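Report on the structure given below.
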Amino acid sequence: MNYRMLRYLLGCILLIEAILMLLPLTVSIISNEDVMPFVYTIAALLAISLPCAIFKPKNTQIYAREGFVCVSSAWILLSIFGALPFIFSEAIANPIDAFFETVSGFTTTGATILPAVEHLPRGILFWRSFTHWIGGMGVLVFMLAILPTAGGEAIHLMRAEVPGPTKGKLVPKMRQTALILYGIYIVLTLLEVVILLLCKMPLYDALVNAFATAGTGGFSVLNNSIAGYQSPAIEWVIAIFMLLFGVNFNLFFFVIIGKIKDVFKSEELRTYTIIVTLATVAIFINTYRMFDGAGDCLRTAFFQTASIITTTGFATVEYNAWPVLSKTVLTLLMVIGACAGSTAGGLKISRVMILGKNIVREIKHMIRPRSVNVVRLDGEVVPDETLRSATGYLTVYIAVIILTMLLISIDGMSMETNLTASLSCVNNIGPALGDLGAMNNFSPFSNFSTLLLSFAMLFGRLEFVPMMVLFSPYAWKKR
Numbered sequence: 000m001n002y003r004m005l006r007y008l009l010g011c012i013l014l015i016e017a018i019l020m021l022l023p024l025t026v027s028i029i030s031n032e033d034v035m036p037f038v039y040t041i042a043a044l045l046a047i048s049l050p051c052a053i054f055k056p057k058n059t060q061i062y063a064r065e066g067f068v069c070v071s072s073a074w075i076l077l078s079i080f081g082a083l084p085f086i087f088s089e090a091i092a093n094p095i096d097a098f099f100e101t102v103s104g105f106t107t108t109g110a111t112i113l114p115a116v117e118h119l120p121r122g123i124l125f126w127r128s129f130t131h132w133i134g135g136m137g138v139l140v141f142m143l144a145i146l147p148t149a150g151g152e153a154i155h156l157m158r159a160e161v162p163g164p165t166k167g168k169l170v171p172k173m174r175q176t177a178l179i180l181y182g183i184y185i186v187l188t189l190l191e192v193v194i195l196l197l198c199k200m201p202l203y204d205a206l207v208n209a210f211a212t213a214g215t216g217g218f219s220v221l222n223n224s225i226a227g228y229q230s231p232a233i234e235w236v237i238a239i240f241m242l243l244f245g246v247n248f249n250l251f252f253f254v255i256i257g258k259i260k261d262v263f264k265s266e267e268l269r270t271y272t273i274i275v276t277l278a279t280v281a282i283f284i285n286t287y288r289m290f291d292g293a294g295d296c297l298r299t300a301f302f303q304t305a306s307i308i309t310t311t312g313f314a315t316v317e318y319n320a321w322p323v324l325s326k327t328v329l330t331l332l333m334v335i336g337a338c339a340g341s342t343a344g345g346l347k348i349s350r351v352m353i354l355g356k357n358i359v360r361e362i363k364h365m366i367r368p369r370s371v372n373v374v375r376l377d378g379e380v381v382p383d384e385t386l387r388s389a390t391g392y393l394t395v396y397i398a399v400i401i402l403t404m405l406l407i408s409i410d411g412m413s414m415e416t417n418l419t420a421s422l423s424c425v426n427n428i429g430p431a432l433g434d435l436g437a438m439n440n441f442s443p444f445s446n447f448s449t450l451l452l453s454f455a456m457l458f459g460r461l462e463f464v465p466m467m468v469l470f471s472p473y474a475w476k477k478r
């Protein structure tokens, strides 16, 4: 374990967090609010990060083990320090609740313990939504984009943080890949801000909602979420951008360089489009009588489908009151998630496709043992390593959800509540069903369950392996 390089990288990450916190500090100044919560936090971040980040070690080599430990440690530290403004401002007095809220922000989950948000300072709400934007693409990816940190070994950091069954470079250099990804991310965010402004949304609201949409997080500055704006145009815009941020960012890069054919060859994108269409139609038919007209029903069905499949968690209605079929469709969308390489959570469509095709291959093999069958995705043979990884991921995924559901059941809530709360946190969705409907919150849980669900969000966002490595004794042994 290269402890000096690990300390240097973590120092750089905390320094970046201190710099990023200047934005909500500026919002507090403009709004004539108490700035000391951010001043105290920035001072603490600088005091810890500067001694670690000033001197770069001579040995910058990092391997997979260091990459996993760095990423998981970074997310925990970011969440601990990110919770301090909530505590110092007394917006959230309980440190465990503040940690939950911050983890929910950085992991782009969007689950909240706050029953109401409109009374909170604008600077605090800005930071709350800004954590979505920071965590959406990944703070390690951001660091790779602006700092020449670990040379060619930086791929270990990116592989540990970027979600999906496969990871790779868009261009030969890792730093250029990170720059391209963040460039696309920033342009799409700014485009959404501009369009929301054209829809007559105030600038502050446009920024925080764009942050939440880009990170597919779902924190809102209104108690009624997007429904509070009472604007069909705003709902359509946010729904479309939620779906865009649920697309693999590699496809946007192909559009930029003119490889349009490669975009249409994507099986994952086609499947994503089909699932969204079928889910919208099913919910539309099932809930038609609950709305005043077909237009309202279609818009709501499309919005909630986009919100859940991309694991954003915005809401325009209390869908907990919908018929069982519609709630079942939403639950399935929670599990599936959007595309790999996007800011969304869930299993990822490409992983579900790989698992499904592998099952078909095994059935063919049982019928004809001597036949040679391979799994293909986008015309390419999927390596056995990826197949094993997808199967292993599903096993851990199910185990973590069951264990989480079992442990939080000590709070005495319904099975529907416990199951969907576990799915919500592990899949980084936000809202759940039962006692945690779209307009409710996670405050009924005990401190133990709240802390457990916080780590469930971290496990889900980092796709289990980095957190498992962090808590493994082997990771800390000398080579």
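The sequence shown: position 159 = 158 (numbering that gives the first Met the number 0), numbered continuously. Just so it is clear, CB atoms sit at the ideal spot from N, CA and C, and this is done for glycine as well. Only a predicted model underlies this, so the values are computations on that prediction, with no experimental measurement involved.
Inset, instruction - Let me know if residue 468 comes out buried or exposed under the rule of 16 or more other beta-carbons within 10 Å of its beta-carbon. - result: Counting Cβ neighbours within 10 Å, residue 468 comes out buried, since at least 16 surround it.
Inset, instruction - With DSSP as the reference, please indicate the residues paired to residue 379 in a beta bridge. - result: Residue pairing for residue 379: DSSP places it in a beta bridge opposite 376.
Inset, instruction - Please determine, among 86, 259, 201, 258, the residue with the shortest C-alpha to C-alpha distance to residue 233. - result: If we check each option's Cα against that of residue 233, 201 comes out closest.
Legend entry - Three-way DSSP call (helix, strand, coil) for residue 6 in this model: Note: residue 6 maps to helix in three-state DSSP.
Inset, instruction - Specify whether the segment 229–243 and the segment 190–209 touch according to this definition: at least 3 beta carbon pairs, one from each stretch, less than 8 angstroms apart. - result: As far as the Cβ criterion goes, the segment 229–243 touches the segment 190–209, which means the pair count is three or higher.
Legend entry - Buried or exposed (CB count within 10 angstroms, at least 16 for buried), residue 365: So residue 365 ends up on the exposed side.
Inset, instruction - With DSSP collapsed to three states, give me the class of residue 291. - result: It is coil, neither helix nor strand.
Inset, instruction - Classify residue 415 as helix, strand or coil using the three-state DSSP reduction. - result: For residue 415, the secondary structure class from DSSP, reduced to helix, strand or coil, is helix.
Legend entry - is_contact[residue 404, chain B] using C-beta, thresh 8 angstroms: Annotation note: the requested chain B is absent from the structure, which comprises a single protein chain.
Inset, instruction - State the DSSP-derived secondary structure class of residue 257, mapped to helix, strand or coil. - result: In the structure shown, the three-state DSSP call for residue 257 is coil.
Legend entry - 8 angstroms Cβ cutoff met for residue 352 and residue 386: 8 angstroms or more divides the Cβ of residue 352 from the Cβ of residue 386.
Legend entry - Touching by the beta-carbon criterion (3+ pairs, under 8 angstroms), the segment 299–310 and the segment 242–256: Touching, yes, given that three or more Cβ pairs across the two stretches are closer than 8 angstroms.
Inset, instruction - With DSSP collapsed to three states, give me the class of residue 229. - result: If DSSP states are grouped into helix, strand and coil, residue 229 belongs with coil.
Legend entry - Simplified DSSP assignment, three categories, for residue 235: Taken through DSSP and simplified to helix, strand or coil, residue 235 comes out as helix.
Legend entry - Every unbroken alpha helix (DSSP H) inside the segment 311–380 [4 residues or more]: As far as the segment 311–380 is concerned, its whole alpha helix (DSSP H) runs of at least 4 residues are 323–335, 348–366.
Inset, instruction - Pull up the CB-CB distance for residue 271 and residue 346, whole angstroms please, since I reckon it's below 8 angstroms. - result: About 13 angstroms separates the two Cβ atoms, so there is no contact after all.
Inset, instruction - May I ask which residues mark the beginning and end of the alpha helix (DSSP H) holding residue 210? - result: For residue 210, the enclosing alpha helix (DSSP H) starts and ends at 202–213.
Inset, instruction - Run the CB neighbour count on residue 293, radius 10 Å, all protein chains shown included, and call it buried at 16 or more, exposed below. - result: Exposed.
Legend entry - Boundaries of the alpha helix (DSSP H) in which residue 449 is found, first to last residue: Counting along the chain, the alpha helix (DSSP H) containing residue 449 begins and ends at 446–460.
Inset, instruction - Return the Cβ separation of residue 52 and residue 135 in integer angstroms, given the expectation that the two are a contact with Cβ distance under 8 angstroms. - result: The Cβ separation is near 24 angstroms, so there is no contact.
Legend entry - residue 3 versus residue 20: straight-line alpha-carbon distance, rounded: Their backbone Cα atoms lie some 26 angstroms apart in a straight line.
Legend entry - Straight-line gap, residue 59 to residue 178 (C-alpha atoms, nearest Å): Rounded to whole angstroms, residue 59 to residue 178 spans 21 angstroms at the Cα level.
Inset, instruction - Could you work out which residue in 384, 253, 342 is closest to residue 108 when comparing CA atoms only? - result: If you compare the alpha carbons of 384, 253, 342 with that of residue 108, the shortest gap goes to 342.
Legend entry - Validate contact between the segment 6–20 and the segment 70–77 using beta carbons, cut 8 angstroms, 3 pairs: Touching, yes, given that three or more Cβ pairs across the two stretches are closer than 8 angstroms.
Legend entry - Close-in-space but distant-in-sequence residues of the same chain around residue 171 (CB under 7 angstroms, 5 per side omitted): At residue 171 the pLDDT is 49, less than 50, meaning the model places this residue with poor confidence; the figure from the coordinates comes in the next sentence. Only residues of its own chain outside the window of five on either side were considered, and among them none has a CB closer than 7 angstroms to the CB of residue 171.
Inset, instruction - Label residue 276 either buried or exposed according to how many other C-beta atoms from any shown protein chain fall within 10 Å of its C-beta, with 16 as the threshold for buried. - result: It counts as exposed.
Legend entry - the segment 122–133 / the segment 90–109 touching (three or more Cβ pairs under 8 angstroms): As far as the Cβ criterion goes, the segment 122–133 touches the segment 90–109, which means the pair count is three or higher.
Legend entry - For residue 249, the three-state DSSP class (helix, strand or coil): DSSP, reduced to helix, strand and coil, places residue 249 within a helical segment of the structure shown.
Legend entry - Expected contact under 8 angstroms - CB spacing of residue 415 and residue 393 to nearest Å: In this structure residue 415 is not in contact with residue 393, their Cβ atoms being roughly 23 angstroms apart against a cut-off of 8 angstroms.
Inset, instruction - Using beta-carbon positions only, say whether residue 273 and residue 335 come within less than 8 angstroms of one another. - result: Here residue 273 is not near residue 335, since their CB atoms are 8 angstroms or more apart.
Inset, instruction - Helix, strand or coil for residue 198, going by three-state DSSP, please let me know. - result: For residue 198, the three-state secondary structure derived from DSSP is coil.
Inset, instruction - Less than 8 angstroms between the CB atoms is what I'm expecting for residue 268 and residue 338, so what's the real figure, rounded? - result: With 8 angstroms as the limit, residue 268 and residue 338 qualify as a contact, their Cβ atoms being about 7 angstroms apart.
Inset, instruction - Within 10 angstroms of the Cβ of residue 303, are there 16 or more other Cβ atoms? Answer buried if so, exposed if not. - result: By the beta-carbon neighbour count (other beta carbons within 10 angstroms, threshold 16), residue 303 is buried.
Legend entry - Assigned secondary structure, residue 0 (DSSP; H/G/I helix, E/B strand, else coil): Here residue 0 sits in coil by DSSP.
Inset, instruction - Please check the pair residue 399 and residue 458, which I expect to be a contact at CB under 8 angstroms, by giving their CB distance rounded to whole angstroms. - result: Taking the Cβ atoms as the reference, residue 399 lies roughly 6 angstroms from residue 458, within the contact range of under 8 angstroms.
Legend entry - Local conformation of residue 285 per DSSP, three classes: In this structure, residue 285 counts as helix in the three-state DSSP scheme.
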